[in-house]
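K.L.:
Residue numbers (UniProt numbering): 1 to 219.
(1) With a threshold of 7 Å on Cβ separation, who are the neighbours of residue 42 within its own chain once the five nearest residues in sequence on each side are excluded?
(2) Between 143, 128 and 62, which has its C-alpha nearest residue 135's C-alpha?
(3) Indicate whether the contact test is met: 3 or more Cβ pairs, each with one atom in the segment 137-151 and one in the segment 13-29, closer than 8 Å.
(4) Thinking C-beta only, is residue 19 closer than 7 Å to residue 224?
(5) With 16 other CB atoms within 10 Å as the buried threshold, where does residue 89 fall?
(6) So what does DSSP say about residue 19, is it helix, strand or coil?
(7) Identify the continuous alpha helix (DSSP H) that holds residue 123 and give its terminal residues.
(8) Distance, Cα to Cα, residue 85 vs residue 188?
(9) Taking residue 60 and residue 97 to be in contact with their CB atoms under 8 Å, please state how far apart those CB atoms are, rounded to whole angstroms.
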């Protein structure tokens with residue numbers, strides 16, 4: 001298991017979401033869902049793809065509230081080892097586009113759309129009920145002590161339009177945007193903690209009869 005926020009964590013978050021959806025929607029009789037829920041851009045699919053749902057990482061941004069987090073002390077490897085610290089991690093927000101596609105036999109366009117909408121609703125239900133990812137929900141590429149929060153991105157209207165406008169040859173499909181935060185990538189280098197230098201200072205009162213401090217005759 002990963003014990004710190006390694007660079008694989010970004011990939012691990014997407015796989016965590018995919019695996020969670022597949023394991024909690026297997027009662028829908030859609031075949032092997034791990035092969036039909038895919039991490040891909042909607043623009044990358046073609047008519048031959050069997051995907052019923054995609055998760056597309058369309059934006060990665062630094063988390064502004066954690067940007068100036070304090071550095072972290074690294075536990076010493078053994079007795080007598082010097083104390084070291086690691087710079088504050090790179091804290092990210094990951095934005096995903098969840099999209100559903102036509103699937104199964106449909107006699108009418110209404111049936112086809114209804115199937116998509118039901119799948120979208122079920123996926124949103126699963127993500128809503130599991131809005132905090134931890135423990136066994138996390139892929140092995142995510143640190144086992146991480147806790148990730150998942151929520152619907154509230155300002156997604158412009159994002160959806162911008163994303164789908166880039167797929168000029170693809171019809172719009174039902175979609176919703178989510179944000180996962182915070183996703184941390186730790187620095188690989190550590191630095192010794194600066195040693196505090198101390199100096200003993202002797203102080204006291206000089207009596208007048210002791211004469212000048214420089215040892216002169218006072219004249």
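Cβ coordinates follow ideal geometry from the N, Cα and C atoms, glycine included.
P.N.:
Let's see:
(1) 54, 56, 99, 167, 170 and 173
(2) Comparing alpha carbon positions, the residue from 143, 128 and 62 closest to residue 135 is 143.
(3) yes
(4) Look at the range of the chain in this structure, 1 to 219, and you will see that residue 224 is not part of it.
(5) buried
(6) helix
(7) Under the DSSP assignment, residue 123 falls in the alpha helix (DSSP H) whose first and last residues are 109-129.
(8) Roughly 11 Å separates the two Cα atoms.
(9) About 13 Å; that fails the 8 Å criterion.
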